[in-house]
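Residue numbering for the sequence shown follows my numbering, starting at 1 and increasing by one per position.
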Amino acid sequence: MLEYARWKYVVALIVLLASTLYALPNLYPQDAAVQITANRGFAVDEALDARVEGLLAEAGITPRSVAKEGDSLLVRLDDADQLRAAEMLRAALEGGYTVAQNLASTVPGWLDTVGARPMLLGLDLQGGVHFLLQVDQQAALERRESAFAEQIRVVLREQKIASQEVTVRPTDVLVRLSREEDLSDAIAAVAVDAPELALEPLRGASGPGFVARIPEATLDMLLTEAINQNVAILRNRINALGVAEPIVARQGESRIVVQLPGVQDTALAKRVIGATATLEYRAALLTGPEAIEAERTGRVPPEGRLYYLRERDANGNRIPVVLAKRVIAAGDQLVAATSITDQETGTPGVSVTLNASAGQRMFDFTSQNVGKPMAVVYIERVPEVRIVDGKEVRSTRVTEEVISVATIRGVFSRQFQTTGLESQQEAQQLALLLRSGALAAPMEFVEERIIGPSLGAENVERGLLTIAASFLLVLVFFVVYYRTFGLITNIALLLNLLMLVAVMSVFGATLSLPGLAGIALTVGLSVDANVLINERIREELRAGNTPLSSIATGYEKAAGTIADANVTALLAGIALFVFGTGPVKGFALSLIIGILTSMYTAVSVSRGVATLIYGRRRKLAGLAI
Numbered sequence: 001m002l003e004y005a006r007w008k009y010v011v012a013l014i015v016l017l018a019s020t021l022y023a024l025p026n027l028y029p030q031d032a033a034v035q036i037t038a039n040r041g042f043a044v045d046e047a048l049d050a051r052v053e054g055l056l057a058e059a060g061i062t063p064r065s066v067a068k069e070g071d072s073l074l075v076r077l078d079d080a081d082q083l084r085a086a087e088m089l090r091a092a093l094e095g096g097y098t099v100a101q102n103l104a105s106t107v108p109g110w111l112d113t114v115g116a117r118p119m120l121l122g123l124d125l126q127g128g129v130h131f132l133l134q135v136d137q138q139a140a141l142e143r144r145e146s147a148f149a150e151q152i153r154v155v156l157r158e159q160k161i162a163s164q165e166v167t168v169r170p171t172d173v174l175v176r177l178s179r180e181e182d183l184s185d186a187i188a189a190v191a192v193d194a195p196e197l198a199l200e201p202l203r204g205a206s207g208p209g210f211v212a213r214i215p216e217a218t219l220d221m222l223l224t225e226a227i228n229q230n231v232a233i234l235r236n237r238i239n240a241l242g243v244a245e246p247i248v249a250r251q252g253e254s255r256i257v258v259q260l261p262g263v264q265d266t267a268l269a270k271r272v273i274g275a276t277a278t279l280e281y282r283a284a285l286l287t288g289p290e291a292i293e294a295e296r297t298g299r300v301p302p303e304g305r306l307y308y309l310r311e312r313d314a315n316g317n318r319i320p321v322v323l324a325k326r327v328i329a330a331g332d333q334l335v336a337a338t339s340i341t342d343q344e345t346g347t348p349g350v351s352v353t354l355n356a357s358a359g360q361r362m363f364d365f366t367s368q369n370v371g372k373p374m375a376v377v378y379i380e381r382v383p384e385v386r387i388v389d390g391k392e393v394r395s396t397r398v399t400e401e402v403i404s405v406a407t408i409r410g411v412f413s414r415q416f417q418t419t420g421l422e423s424q425q426e427a428q429q430l431a432l433l434l435r436s437g438a439l440a441a442p443m444e445f446v447e448e449r450i451i452g453p454s455l456g457a458e459n460v461e462r463g464l465l466t467i468a469a470s471f472l473l474v475l476v477f478f479v480v481y482y483r484t485f486g487l488i489t490n491i492a493l494l495l496n497l498l499m500l501v502a503v504m505s506v507f508g509a510t511l512s513l514p515g516l517a518g519i520a521l522t523v524g525l526s527v528d529a530n531v532l533i534n535e536r537i538r539e540e541l542r543a544g545n546t547p548l549s550s551i552a553t554g555y556e557k558a559a560g561t562i563a564d565a566n567v568t569a570l571l572a573g574i575a576l577f578v579f580g581t582g583p584v585k586g587f588a589l590s591l592i593i594g595i596l597t598s599m600y601t602a603v604s605v606s607r608g609v610a611t612l613i614y615g616r617r618r619k620l621a622g623l624a625i
């Protein structure tokens with residue numbers, strides 16, 4: 001007796017409808033667009049909308065639409081106008097806004113409401129954004145030398161050795177001592193605390209001292225570590241953006257390649273990747289009238305440095321403050337950071353947790369300075385692009401602002417809160433940058449490419465043509481060779497492909513050329529399963545069994561063989577996914593999903609269709625197979 005439970009039909013119908021719904025967004029193409037995002041102190045509002053439309057009209061560019069989407073202004077354009085519009089708007093809005101080329105989705109809102117989104121495509125199929133970043137190795141060296149200089153100061157202070165100066169020079173650190181008899185003790189103490197430094201004593205008319213140099217081998221190691229740390233930090237930042245299968249890799253000695261396939265917010269990605277935001281906690285030496293006088297006369301204490309508060313006075317003038325050169329704690333010493341809203345003032349802020357050494361230093365400082373002011377310095381490096389003589393000139397804008405000067409009311413160490421930020425969005429972004437870590441060396445964008453579908457059109461056409469041709473040949477073959485059961489098999493194959501696309505879309509899988517190869521292989525595996533079933537039914541008919549019995553027995557006996565074959569392939573796919581990277585992982589993912597969907601459609605769905613056609617026929621003379 002050929003039976004198929006009604007609930008299985010219900011499940012199959014739900015699967016069909018859900019697969020159609022979630023595969024549907026892949027039919028909608030993407031628009032070329034220019035995305036405009038406001039920097040701090042600027043806003044995306046109606047005035048910007050009107051200004052952008054006016055600039056486009058002056059340039060003779062007709063946009064498809066100009067509308068605010070989220071926190072950005074999105075200008076949809078024809079492909080031919082995208083680059084020209086981006087260059088023009090970037091020059092006109094320089095400083096206040098980040099302008100980036102993008103690809104905008106055209107999926108209807110009702111599909112997006114139910115979570116139906118198109119499948120992410122790799123750079124070789126859909127395009128995306130490609131960044132090439134240059135690591136500033138000299139800045140990394142200077143930062144490391146400054147850290148060594150601070151380390152030497154601490155060692156001399158702990159050993160109670162008086163020094164006249166500790167100066168960072170282009171290739172070394174110069175240390176001058178007050179007394180000749182302290183020279184050997186100073187060198188010995190520094191050698192123990194910083195064994196990686198090469199120390200050379202100095203004697204003569206200029207006074208006793210020594211020079212600390214970083215050996216060549218150590219220097220190469222430090223620069224390599226700086227690049228590797230930047231790669232790791234960029235991965236953390238990009239993961240926080242939710243980009244599927246990004247590529248972050250070192251290229252050559254001092255460059256890093258970042259590829260973000262299918263990215264939707266290039267402006268945010270560029271800001272998060274390129275910006276370096278951190279905090280420094282310093283003692284406030286002069287504030288109020290004393291700081292104003294120091295700014296006017298230029299007489300800043302030798303141990304201090306002039307900064308300015310973020311806020312301005314009633315006349316719009318900047319408010320000076322003199323802070324200590326010595327940093328109590330910095331952003332790279334944080335182990336946790338969370339955006340908060342201060343319960344007392346309602347202002348946005350960041351709750352930070354320092355590591356053990358910085359926490360101890362903060363404890364020592366606050367213990368000795370209760371009632372005195374401490375300042376929080378916000379430091380941000382933002383990459384900028386200017387158009388000079390028709391060419392892009394890239395630079396980095398460094399902003400250092402004192403966001404808070406507060407009196408120390410009590411002793412604290414590792415955990416505390418920092419307020420004074422302008423918005424909750426700024427607090428969230430700062431917390432993200434602090435969590436992902438401080439870059440070991442500054443970077444600048446030396447290349448930025450938005451790779452559109454046209455660049456991979458040939459690959460897309462060939463890949464889809466291969467799958468379509470093989471699929472069509474298989475469909476024709478099955479109808480000719482297996483007749484009615486060939487038609488049943490074709491229904492199962494079509495549903496398998498529909499389910500595969502839907503599942504990959506739901507889980508946000510990235511499809512690349514290797515992924516297309518995985519889909520083609522999945523079609524082959526699904527064909528194998530259906531061939532096993534059809535040939536098994538033929539064997540049962542040749543053995544003299546009734547048609548209905550042959551169908552039931554054929555499906556039951558073929559199911560075990562199909563499961564064995566697919567489980568073996570599934571294990572291979574899992575191994576490729578776990579141990580592979582990049583294209584191999586994409587191939588493995590489409591293979592794994594395809595195996596699971598093909599097992600369901602071949603064993604269950606095709607049997608349901610066969611039961612629907614033959615199940616109610618009591619007197620069946622034969623089968624069209």
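A virtual CB, placed ideally from N, CA and C, is assigned to each residue, including glycine.
Computed from a prediction, not measured in an experiment: that's the story for all the values here.
Residue i classed as buried or exposed, judged by whether at least 16 other C-beta atoms fall within 10 angstroms
{"i": "Q415", "result": "exposed"}
{"i": "K270", "result": "buried"}
{"i": "Y28", "result": "exposed"}
{"i": "L498", "result": "buried"}
{"i": "F131", "result": "buried"}
{"i": "I14", "result": "exposed"}
{"i": "D220", "result": "exposed"}
{"i": "S423", "result": "exposed"}
{"i": "Q30", "result": "buried"}
{"i": "F579", "result": "exposed"}
{"i": "K619", "result": "exposed"}
Sheet register partners of residue i (DSSP bridge)
{"i": "E448", "result": "F131"}
{"i": "M374", "result": "A283 and A406"}
{"i": "R542", "result": "BP columns for R542 are empty, so no partner."}
{"i": "G209", "result": "R176 and L202"}
{"i": "V75", "result": "V34 and V66"}
{"i": "N102", "result": "A33"}
{"i": "V531", "result": "Answer by DSSP bridge pairing: none, since V531 is not bridged."}
{"i": "T341", "result": "P348"}
Residue i Cβ short of 7 Å to the ligand ATP heavy atom set
{"i": "Y308", "result": "Of the ligands one can find in the structure shown there are none, so the ligand ATP has no counterpart to examine."}
Beta-carbon spacing of residue i, residue j below 8 Å
{"i": "F128", "j": "P261", "result": "This sequence places Gly at residue 128; Phe is not what is there. A contact, by the Cβ cut-off of 8 Å."}
{"i": "A324", "j": "G304", "result": "yes"}
{"i": "I327", "j": "R282", "result": "First, the residue type needs correcting, since residue 327 is Val and not Ile in the sequence shown. Yes, the Cβ-Cβ distance between V327 and R282 is below 8 Å."}
{"i": "R213", "j": "L223", "result": "no"}
{"i": "V480", "j": "L487", "result": "no"}
{"i": "V175", "j": "G209", "result": "yes"}
{"i": "A92", "j": "I61", "result": "no"}
{"i": "A624", "j": "T484", "result": "yes"}
Distance between residue j and residue i (C-alpha atoms, nearest Å)
{"i": "A35", "j": "D79", "result": "For clarity, residue 35 is Gln in the given sequence; the question names Ala instead. Taking the straight line joining both Cα atoms gives about 14 Å."}
{"i": "I408", "j": "D81", "result": "56 Å"}
{"i": "L234", "j": "V605", "result": "45 Å"}
{"i": "R179", "j": "A162", "result": "7 Å"}
{"i": "L83", "j": "L439", "result": "31 Å"}
{"i": "E142", "j": "Q229", "result": "16 Å"}
{"i": "L494", "j": "P442", "result": "52 Å"}
{"i": "V155", "j": "V190", "result": "7 Å"}
{"i": "R607", "j": "T568", "result": "23 Å"}
{"i": "G508", "j": "P118", "result": "8 Å"}
{"i": "N317", "j": "I292", "result": "11 Å"}
{"i": "F587", "j": "L103", "result": "25 Å"}
{"i": "G109", "j": "S550", "result": "49 Å"}
{"i": "A570", "j": "A57", "result": "It should be pointed out that residue 570 corresponds to Leu in this sequence rather than to Ala. So the two alpha carbons sit approximately 56 Å from each other."}
{"i": "I152", "j": "V166", "result": "8 Å"}
{"i": "T113", "j": "V135", "result": "42 Å"}
{"i": "K68", "j": "Q360", "result": "48 Å"}
{"i": "R542", "j": "R616", "result": "22 Å"}
| Pairing CB atoms from the segment 341 to 357 with CB atoms from the segment 306 to 318, are three or more of them under 8 Å? | no
| task | Give a yes or no on contact between the segment 489 to 506 and the segment 14 to 32, applying the rule of three or more CB pairs nearer than 8 Å. | result | yes
| request: State whether the segment 370 to 380 contacts the segment 396 to 405, with contact taken as three or more CB pairs (one from each stretch) at a distance under 8 Å. | output: yes
| message | Is it the case that the segment 144 to 151 contacts the segment 515 to 530, given that we only count it when at least three CB pairs across the two stretches are under 8 Å? | response | no
| said: Does the segment 473 to 481 come into contact with the segment 152 to 169, if we say contact requires no fewer than three beta-carbon pairs (one atom in each stretch) closer than 8 Å? | reply: no
| query | Do the segment 66 to 76 and the segment 44 to 58 meet, that is, are 3 or more Cβ pairs less than 8 Å apart? | reply | yes
| Counting pairs of beta carbons, one from the segment 582 to 594 and one from the segment 502 to 522, are three or more of them closer than 8 Å? | yes
| field | the segment 529 to 544 in contact with the segment 556 to 567 per 3-pair CB rule at 8 Å | value | yes
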